[in-house]
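Per UniProt numbering, the very first residue in the sequence shown carries number 1; after that it's consecutive. C-beta atoms are modelled at their ideal positions from N, C-alpha and C, and glycine is treated no differently.
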Amino acid sequence: MQAFLKGAATQSAKPQKDKPAAGTCGEKKPKSVPWVEKYRPKCVDEVAFQEEVVAVLKKSLEGADLPNLLFYGPPGTGKTSTILAAARELYGPELYRQRVLELNASDERGIQVIREKVKTFAQLTVAGKRADGKPCPPFKIIILDEADSMTNAAQAALRRTMEKESRTTRFCLICNYVSRIIEPLTSRCSKFRFKPLDDKIQEERLLEICEKENLKYSKEAIGALVKVSEGDLRKAITFLQSAARLNGEKEITENIVIEIAGVVPSKMINSLLQTCYNSTFDKLEIAIKTMIDEGYAAMQIISQLHDAIIEEKLNDCQKSAITEKIAEVDKCLADGADEYLQMMGLCSVIMQQATRNN
Ligand SMILES: Nc1ncnc2c1ncn2[C@@H]1O[C@H](COP(=O)(O)OP(=O)(O)OP(=O)(O)O)[C@@H](O)[C@H]1O
Ligand SMILES: [Mg+2]
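Written as structure tokens, this is what we have:
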């Protein structure tokens with residue numbers, strides 16, 4: 001039982017008041033919570049951009065039954081926040097601990113745990129009233145966050161429990177990759193895809209935080225934050241907090257955002273491409289060495305090179321040969337290959353393809 005109690009107590013949506021956030025050198029200001037936690041939606045209404053799931057949850061807040069849920073979608077789109085907020089609204093802070101079992105990838109979730117903890121928790125019966133007399137749903141919620149990291153055997157063990165305990169328990173499975181959840185489980189749940197957040201919505205959220213935190217910023221800086229975070233609001237908020245820390249009282253500018261996000265300046269990418277097109281192999285070697293020495297991640301460079309190549313004046317055959325190499329390099333880098341060698345390999349192909357036309 002201990003792990004589940006721990007599970008329910010951890011990842012709380014409440015800011016951890018007495019814990020200083022990393023990097024604040026132990027200052028004991030209550031404000032030093034990571035902003036992603038501080039601005040995590042506290043109620044379902046505050047969840048932006050995920051209308052379908054919010055509508056279903058609001059119905060169940062009004063007393064309707066709740067189906068088993070499966071939330072999936074890219075990181076930082078509100079999956080964990082949504083179910084935590086809904087559970088808090090359903091049960092209130094006191095009952096929350098008794099009624100919600102939250103297990104994520106940091107908890108042991110092998111088949112044994114599913115058989116023992118989840119089953120035992122699911123079997124507990126529950127009343128339909130809170131201690132304060134207010135009605136509350138006559139079921140418990142088991143949240144299995146990051147469910148795509150559960151073994152197939154553990155997932156299979158859930159099938160029967162889910163059906164058998166449906167009178168008293170609802171499950172909420174959360175994952176990034178729905179294809180990693182076994183079919184019998186997905187068919188027992190209502191599926192909700194969390195979309196990457198729209199640029200405008202992200203901008204609104206960021207502006208709201210800037211205002212609440214009294215930050216000085218330029219419009220371009222917010223635009224850059226939205227662009228580099230690609231629909232991941234957690235990433236955008238984290239970058240904003242880093243920029244604010246780094247900057248103190250000064251204005252947050254586009255350049256600062258770009259620097260924090262580790263984005264390679266487009267001038268540098270263009271110059272690398274020009275070296276591939278018009279210069280010598282020796283110069284190419286130096287250019288790549290410089291970029292890597294300056295600390296730019298090869299993954300970031302190839303992702304930006306990819307975007308640039310698509311826009312370049314090359315023919316389809318050249319573009320396809322280069323993008324094929326980019327895919328290969330991406331895989332090698334993900335497997336831990338040497339950054340310099342991979343970059344050289346890719347740029348050599350760009351050089352060959354570019355000279356083929358001339
Ligand atoms: N739709 C949203 N509405 C409001 N805030 C959001 C939304 N999505 C993300 N956020 C912000 O981003 C933070 C992270 O969101 P959350 O933990 O819910 O993401 P997630 O979808 O569970 O991501 P992961 O797949 O990485 O676990 C929240 O604390 C909140 O500040
Ligand atoms: Mg999550």
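Inset, instruction - Starting from the Cα of PRO196, find the closest Cα among ILE288, VAL226, THR125 and give me that residue. - result: Here residue 196 refers to the residue found at position 196 of the sequence shown. Taking only the C-alpha atoms, the option nearest PRO196 is VAL226.
Legend entry - For TYR217, the residue or residues it bridges with in DSSP: Looking up residue 217 in the sequence shown gives position 217. In DSSP, TYR217 forms a bridge with ILE252.
Legend entry - Enclosing beta strand (DSSP E) for THR169 [first to last residue]: Here residue 169 refers to the residue found at position 169 when the sequence shown is read from its first residue. Taken as a continuous stretch (DSSP letters only), the beta strand (DSSP E) holding THR169 covers 169-175.
Inset, instruction - Note the first and the last residue of the continuous alpha helix (DSSP H) segment covering ARG159. - result: Start at 1 with the first residue of the sequence shown, and residue 159 comes out as number 159. Element bounds for ARG159: 152-164.
Inset, instruction - With a threshold of 6 Å, establish whether the CB of LEU233 neighbours any heavy atom of ligand 1. - result: Reading the sequence shown from its first residue, position 233 is the one you call residue 233. Yes, the Cβ of LEU233 comes within 6 Å of a heavy atom of ligand 1.
Inset, instruction - Indicate, with yes or no, if ligand 1 has a heavy atom lying under 6 Å from the CB of THR80. - result: The sequence position of residue 80 within the sequence shown is 80, counting from 1. Within the cutoff, so yes.
Inset, instruction - Could you spell out where the alpha helix (DSSP H) holding ILE201 opens and where it closes? - result: Here residue 201 refers to the residue found at position 201 when the sequence shown is read from its first residue. Per DSSP, ILE201 belongs to the alpha helix (DSSP H) from 199-212.
Inset, instruction - Tell me whether PHE49 sits in a helix, a strand or coil according to DSSP, three-state version. - result: Working through the sequence shown from its first residue, we reach residue 49 at position 49. Residue state, collapsed to three classes: coil.
Inset, instruction - Could you round the C-beta distance between GLN98 and GLU165 to whole angstroms and report it? I think they count as a contact, below 8 Å. - result: Along the sequence shown, one-based indexing puts residue 98 at 98. Along the sequence shown, one-based indexing puts residue 165 at 165. Not quite, the Cβ-Cβ distance comes to about 16 Å (not below 8 Å), so this is no contact.
Inset, instruction - Have a look at LEU233, GLY231, LYS235, LEU240 and flag the residue whose alpha-carbon is nearest the alpha-carbon of LYS219. - result: Within the sequence shown, numbered from 1, the residue matching residue 219 stands at position 219. Among LEU233, GLY231, LYS235, LEU240, the Cα nearest to that of LYS219 is on LEU240.
Inset, instruction - Note down the Cα distance separating MET344 from MET299, rounded to an integer number of angstroms. - result: As a working mapping, residue 344 is identified with position 344 in the sequence shown. As a working mapping, residue 299 is identified with position 299 in the sequence shown. Rounded to the nearest angstrom, the two C-alpha atoms are 13 Å apart.
Inset, instruction - For LYS140, count neighbouring C-beta atoms within 10 Å of its own C-beta (all shown protein chains included) and say buried if the count is 16 or more, exposed if not. - result: The count along the sequence shown starts at 1 and reaches residue 140 at position 140. By the neighbour-count rule (16 or more Cβ atoms within 10 Å), LYS140 is buried.
Inset, instruction - Give the DSSP-derived three-state secondary structure of ARG193 in the structure shown. - result: Indexing the sequence shown from 1 puts residue 193 at position 193. Here ARG193 sits in strand by DSSP.
Legend entry - 6 Å Cβ shell around GLY231 - same chain, five flanking residues per side excluded: Here residue 231 corresponds to residue number 231 of the sequence shown, with the count starting at 1. PRO196, LEU197, listed in sequence order.
Inset, instruction - Tell me whether the beta-carbon of ILE143 lies closer than 7 Å to the beta-carbon of CYS172. - result: Taking the first residue of the sequence shown as position 1, residue 143 is located at position 143. Taking the first residue of the sequence shown as position 1, residue 172 is located at position 172. Going by C-beta atoms, ILE143 is nearer than 7 Å to CYS172.
Inset, instruction - Inspect the beta-carbon positions of ILE301 and VAL264 and report whether they are closer than 7 Å. - result: For the purposes of this step, residue 301 is taken as the residue at position 301 of the sequence shown. For the purposes of this step, residue 264 is taken as the residue at position 264 of the sequence shown. Contact flag set, yes.
Inset, instruction - Using the DSSP secondary-structure output, state which residues sit across from VAL100 in a beta bridge. - result: Start at 1 with the first residue of the sequence shown, and residue 100 comes out as number 100. According to DSSP, VAL100 bridges with ILE141.
Inset, instruction - Pick helix, strand or coil for LEU346, following the three-state DSSP scheme. - result: As a working mapping, residue 346 is identified with position 346 in the sequence shown. Helix, per DSSP.
Inset, instruction - Look up LEU70 in the DSSP assignment and give the residues it is bridged to. - result: Reading the sequence shown from its first residue, position 70 is the one you call residue 70. LEU70 is bridged to LEU173, LYS191.
Inset, instruction - Report whether the distance from the Cβ of ALA48 to the nearest heavy atom of ligand 1 is below 6 Å. - result: As a first step, residue 48 must be located in the sequence shown, where it is residue number 48. Because some heavy atom of ligand 1 lies under 6 Å away, the Cβ of ALA48 counts as near it: yes.
Inset, instruction - Give a yes or no on contact between the region 106-124 and the region 147-155, applying the rule of three or more CB pairs nearer than 8 Å. - result: yes
Legend entry - Straight-line gap, PRO41 to VAL56 (C-alpha atoms, nearest Å): Sequence index remark: in the sequence shown, residue 41 carries index 41 (1-based). Sequence index remark: in the sequence shown, residue 56 carries index 56 (1-based). PRO41 and VAL56: Cα-Cα distance of roughly 17 Å.
Legend entry - C-beta atoms of ILE322 and ILE350 nearer than 7 Å: Here residue 322 corresponds to residue number 322 of the sequence shown, with the count starting at 1. Here residue 350 corresponds to residue number 350 of the sequence shown, with the count starting at 1. Yes.
Legend entry - Proximity below 7 Å, CB of LYS235 to CB of GLY76: On the sequence shown, position 235 is the one that residue 235 refers to. On the sequence shown, position 76 is the one that residue 76 refers to. Yes; because the gap between Cβ atoms is below 7 Å, this pair is in contact.
Inset, instruction - Using 6 Å as the cut-off, classify the Cβ of THR355 as near or not near the heavy atoms of ligand 1, replying yes or no. - result: Locating residue 355 in the sequence shown gives position 355, counting from the first residue. The answer is no for THR355.
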